[in-house]
Amino acid sequence: MNEVAHDALYDLRHSTAHLMAQAVGELFPGVKYAIGPPIEDGFYYDLEFKEPLKEEELARIEEKMREIAGRNLPIVREEKERAEARAFEEALDQPYKVALIDDLPEGEVISFYRQGDWIDLCRGPHLPSTGSMKHFKLLHIAGAYWRGSEKNKMLTRIYGTVWPTKQELYDYLQRLEEAKLRDHRKLGKELGLFVFAPEAIGSGIPLFLPKGEMLRHTMESYVREVQTRYGYQHVWTGHLVREDLYKKSGHYENYADVMFPPMRDEEAGINYRLKPMNCPSHMTLFNAQYHSYRDLPLRYAEFATLYRYEKTGELNGLTRVRALTQDDCHIFCTEDQIESEFALALKLIREVLTRYGFTDYRVRLSLRGEEPGGKYVADDEKWRKATDALRSALDANAVEYFEAPGEAAFYGPKADFLTKDALGREWQISTIQVDFIQPARLGCKYIDAESNEQTPVVLHRAVTGTTERFLGVLIEQYAGAFPFWLAPEQIVLIPIAERHYAYANEVGEQLKAAGFRVKMDDRNEKMGKRIRESEMQKIPVMLILGDKDIENSTVSVRRRTEGDLGAMSLEAALALFAHYRDA
RNA sequence: GCCUCUGUGGCGCAGUGGUAGCGCAACUGUCUUGUAAACAGUAGGUCAUCGGUUCAAAUCCGAUCGGAGGCUCCA
Numbered sequence: 009m010n011e012v013a014h015d016a017l018y019d020l021r022h023s024t025a026h027l028m029a030q031a032v033g034e035l036f037p038g039v040k041y042a043i044g045p046p047i048e049d050g051f052y053y054d055l056e057f058k059e060p061l062k063e064e065e066l067a068r069i070e071e072k073m074r075e076i077a078g079r080n081l082p083i084v085r086e087e088k089e090r091a092e093a094r095a096f097e098e099a100l101d102q103p104y105k106v107a108l109i110d111d112l113p114e115g116e117v118i119s120f121y122r123q124g125d126w127i128d129l130c131r132g133p134h135l136p137s138t139g140s141m142k143h144f145k146l147l148h149i150a151g152a153y154w155r156g157s158e159k160n161k162m163l164t165r166i167y168g169t170v171w172p173t174k175q176e177l178y179d180y181l182q183r184l185e186e187a188k189l190r191d192h193r194k195l196g197k198e199l200g201l202f203v204f205a206p207e208a209i210g211s212g213i214p215l216f217l218p219k220g221e222m223l224r225h226t227m228e229s230y231v232r233e234v235q236t237r238y239g240y241q242h243v244w245t246g247h248l249v250r251e252d253l254y255k256k257s258g259h260y261e262n263y264a265d266v267m268f269p270p271m272r273d274e275e276a277g278i279n280y281r282l283k284p285m286n287c288p289s290h291m292t293l294f295n296a297q298y299h300s301y302r303d304l305p306l307r308y309a310e311f312a313t314l315y316r317y318e319k320t321g322e323l324n325g326l327t328r329v330r331a332l333t334q335d336d337c338h339i340f341c342t343e344d345q346i347e348s349e350f351a352l353a354l355k356l357i358r359e360v361l362t363r364y365g366f367t368d369y370r371v372r373l374s375l376r377g378e379e380p381g382g383k384y385v386a387d388d389e390k391w392r393k394a395t396d397a398l399r400s401a402l403d404a405n406a407v408e409y410f411e412a413p414g415e416a417a418f419y420g421p422k423a424d425f426l427t428k429d430a431l432g433r434e435w436q437i438s439t440i441q442v443d444f445i446q447p448a449r450l451g452c453k454y455i456d457a458e459s460n461e462q463t464p465v466v467l468h469r470a471v472t473g474t475t476e477r478f479l480g481v482l483i484e485q486y487a488g489a490f491p492f493w494l495a496p497e498q499i500v501l502i503p504i505a506e507r508h509y510a511y512a513n514e515v516g517e518q519l520k521a522a523g524f525r526v527k528m529d530d531r532n533e534k535m536g537k538r539i540r541e542s543e544m545q546k547i548p549v550m551l552i553l554g555d556k557d558i559e560n561s562t563v564s565v566r567r568r569t570e571g572d573l574g575a576m577s578l579e580a581a582l583a584l585f586a587h588y589r590d591a
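Here the first sequence stands for residues 9 to 591, numbered as in my numbering.
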């Protein structure tokens, strides 16, 4: 959940959540209240209704809210003793509030806020009265588990937004509309990048059209080139793995239900799994050869398509799929090398994210939860070492981060890079993880300077994370208008009439020879129409070729969104495009 | 998986009880084009699927499948 600054806007949103709760209470007597906090851009309230709430009721609730706001009720704080507070909520038949009171630490003041005859347990603060809440809108209904646990009852959550002025509300709603226009699922269809075919192929498995695959290819080539430059070696480990390996590594215990069902080789009595992660495979590769301390650090990288049986409700366009391609890497090193290897991985990640124009990300240090046990491997000493190593590496590299207990992998803590999609949803892209556990479980060894066997530490690292998700977020970031180097079609040739086709082909061949991705649009359509469609397909450069160009041996360059750049020689155009490609 | 919403030709949409319509795309023809949409014509849909209510269902009800927004999960 996003932390929200405690300011005037926070109070407005918090108070509007109360206003909504009061309206709901008047319209639906007997409704039970859970929690209703302000969030980024708005607020919500979790409620338990006797009957399911229909979306069309939101308008009625809004209307009632306006009426209550119109009464301009003063909002008054009241404090009660614990026993009194508890008895009060019990008398109101508000079990969630009673539970919240029981959770409050001893000695804490228990406060309530009253507006008219409606009252709610709340820490506050709030606006002085209901009259100043004017510019709000209820957005949608969702289910949400009480206390965020799927073991608990599902409550009804109503989301709303509120702003100090009418203009700000309008602007916000406009932003939401504009965000929908850059939705990667919509753009993927419009630009012909990828499709889903749930009936034929299955849910959550994207199929890439030629332009989408060109993007994938460009992205992969680029990362491969960077990784090679940073001393990584690329490996390949296939798609099927014996199930036993995951029992050894600990993945089976934690993720059996997120793996696709096993394929059974009856004759050999062996179960195979579609590979859901690479670590055990890379460690098996490591174990296939003897290693001296001189070999370390050893960096195995792979672009590997993994299969995870994500629950249907969790699938989301390209950002959450069942077939995902990770640019995964496992760095085998000594404890002494952790910090320098982390720094190197960090440098690589920053270089790549910068190339893609990603500046808006934050770093989460994902730690083991408060309560040991659960999925986490129990070895306090190793966790302490791994956590210290990660923290000091982050500090040494002056990385700003926030800590998130309970977000670690079962085998160790991680530094995750999070970025947002068009709708403000946060997605993990890059990650660096420290693992003292799996190498020991899988028997990884190297020989140290004194000829003794040692267990290496493994850093898990992904740069773009998964190609599919990264591409999804990238499409939204650029609104489908990729920079020249990434654009699946970089240059489109538009010969004006049939007699210019031969010249256009000649120009096209020279551009292709220079390594550019060129498309010929020689359809029998008006030039204006072909320009329009190229603009909408977000092709960065258009070359118009007509009588004047043939006569003067030129090409007429049009840059998308910028318009006509005029005629120039092909040599000048090639130099210009080379400049675009490197920019 | 859970809650709410949703499913009409390739795409975007209209049609709330009397057996489907528009725009774009496609196809054919005419036009041979100088920087964001030439003109005319043609073809294309068992209204997601299955079942029910009704004289009659795209329309009402139920189930299933898919999609969306959340929740949970995310090696």
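Glycine included, every Cβ here is placed at the ideal spot set by N, Cα and C.
Determine the direct distance from the alpha carbon of residue j to that of residue i, and round the result to whole angstroms.
{"i": "Asn10", "j": "Met550", "result": "Per-residue confidence for Asn10 stands at a pLDDT of 40, beneath the threshold of 50, marking its modelled position as unreliable; the derived number appears in the next sentence. Their Cα atoms are separated by approximately 43 Å."}
{"i": "Glu65", "j": "Gly488", "result": "37 Å"}
{"i": "Met576", "j": "Asp344", "result": "58 Å"}
{"i": "Ile43", "j": "Gly432", "result": "22 Å"}
{"i": "Glu207", "j": "Asp396", "result": "48 Å"}
{"i": "Leu217", "j": "Arg224", "result": "10 Å"}
{"i": "Arg540", "j": "Phe524", "result": "22 Å"}
{"i": "Pro133", "j": "Thr342", "result": "52 Å"}
{"i": "Val12", "j": "Leu248", "result": "Confidence at Val12 is low in this model, with a pLDDT of 47, below 50, so its placement is unreliable and the value that follows should be read with caution. Distance between the alpha carbons of Val12 and Leu248: 45 Å."}
{"i": "Tyr588", "j": "Gly246", "result": "37 Å"}
{"i": "Tyr53", "j": "Ala150", "result": "10 Å"}
{"i": "Ile608", "j": "Ala187", "result": "This structure does not reach residue 608, given that the chain is present from 9 up to 591, and the question cannot be answered."}
{"i": "Lys40", "j": "Lys105", "result": "9 Å"}
{"i": "Pro447", "j": "Pro464", "result": "7 Å"}
Which residues bound the beta strand (DSSP E) around residue i?
{"i": "Cys130", "result": "From DSSP, Cys130 is part of no beta strand (DSSP E); its letter is neither H nor E."}
{"i": "Arg122", "result": "Ile118 to Gln123"}
{"i": "Gly33", "result": "Run containing Gly33: none in the beta strand (DSSP E); it sits in the alpha helix (DSSP H), Ala16 to Leu35."}
{"i": "Leu55", "result": "Gly50 to Glu56"}
{"i": "Gly574", "result": "Gly571 to Met576"}
{"i": "Ile149", "result": "His143 to Tyr153"}
Considering Cα atoms alone, identify which of the options is closest to residue i.
{"i": "Asp191", "options": "Leu326, Arg122 and Ala208", "result": "Leu326"}
{"i": "Ala423", "options": "His290, Arg433 and Leu467", "result": "Leu467"}
{"i": "Asn262", "options": "Phe268, Lys383 and Arg568", "result": "Lys383"}
{"i": "Lys88", "options": "Gly220, Val117, Ile504 and Val471", "result": "Val117"}
{"i": "Ile346", "options": "Leu253, Phe444, Leu375 and Glu359", "result": "Phe444"}
{"i": "Ser3", "options": "Glu359, Pro60, Ala404 and Arg376", "result": "No answer is possible for residue 3: the residues shown for the chain start at 9 and end at 591."}
{"i": "Ile339", "options": "Ala386, His259, Thr427 and Gln441", "result": "Gln441"}
{"i": "Thr226", "options": "Asp54, Glu114, Gly258 and Thr475", "result": "Thr475"}
{"i": "Asp572", "options": "Arg589, Ala591 and Glu543", "result": "Glu543"}
{"i": "Leu354", "options": "Thr439, Arg281, Ala416 and Trp391", "result": "Thr439"}
{"i": "Met28", "options": "Lys72, Gly38, Leu61 and Ala264", "result": "Lys72"}
{"i": "Arg237", "options": "Ile357, Val565 and Asp529", "result": "Ile357"}
{"i": "Gly242", "options": "Tyr308, Gly151 and Ile47", "result": "This sequence places His at residue 242; Gly is not what is there. Minimum Cα distance to His242 is reached at Tyr308."}
{"i": "Asp335", "options": "Ala417, Tyr240 and Asp273", "result": "Tyr240"}
{"i": "Lys174", "options": "Glu228, Met141, Met162 and Glu318", "result": "Met141"}
{"i": "Gly210", "options": "Trp154, Pro421, Phe268 and Ile499", "result": "Phe268"}
In or out: residue i buried (at least 16 other Cβ within 10 Å) or exposed?
{"i": "Asn560", "result": "exposed"}
{"i": "Phe350", "result": "buried"}
{"i": "Ala580", "result": "exposed"}
{"i": "Asp6", "result": "Lying outside 9 to 591, the shown extent of the chain, residue 6 is not represented and no answer is given."}
{"i": "His26", "result": "buried"}
{"i": "Ser23", "result": "buried"}
{"i": "Glu97", "result": "buried"}
{"i": "Glu275", "result": "exposed"}
{"i": "Met271", "result": "exposed"}
{"i": "Asn286", "result": "buried"}
{"i": "Asp128", "result": "buried"}
{"i": "Tyr315", "result": "buried"}
{"i": "Val203", "result": "exposed"}
Terminal residues of the continuous alpha helix (DSSP H) containing residue i?
{"i": "Phe350", "result": "Ile346 to Arg363"}
{"i": "Lys255", "result": "Glu251 to Ser257"}
{"i": "Trp391", "result": "Asp388 to Ala404"}
{"i": "Leu108", "result": "Pro103 to Asp111"}
{"i": "Ile69", "result": "Glu65 to Arg79"}
Within 7 Å: the Cβ of residue i and any heavy atom of the ligand COA?
{"i": "Ile483", "result": "This structure lacks the ligand COA, and indeed carries no ligand of any kind."}
For the region 259 to 312, list the beta strand (DSSP E) runs that are entirely contained and at least 3 residues long, ordered along the chain. Counting only runs that start and end inside the region 259 to 312, the beta strand (DSSP E) elements of at least 3 residues fall at 271 to 273 and 278 to 282.
In chain order, which continuous runs of the alpha helix (DSSP H) of length 4 or greater are located wholly inside the region 485 to 560? For the region 485 to 560, whole alpha helix (DSSP H) runs of length 4 or above, ordered along the chain, are 509 to 521, 535 to 544 and 555 to 560.
Report the start-end ranges of each beta strand (DSSP E) in the region 167 to 238 that is 3 residues or longer and not cut off at the edges. DSSP runs (the beta strand (DSSP E)) wholly in the region 167 to 238: 202 to 204 and 214 to 216.
Please specify which runs of the alpha helix (DSSP H), each continuous and at least 4 residues long, are wholly inside the region 440 to 472, giving them in chain order. Fully enclosed alpha helix (DSSP H) runs of 4 or longer: 446 to 449.
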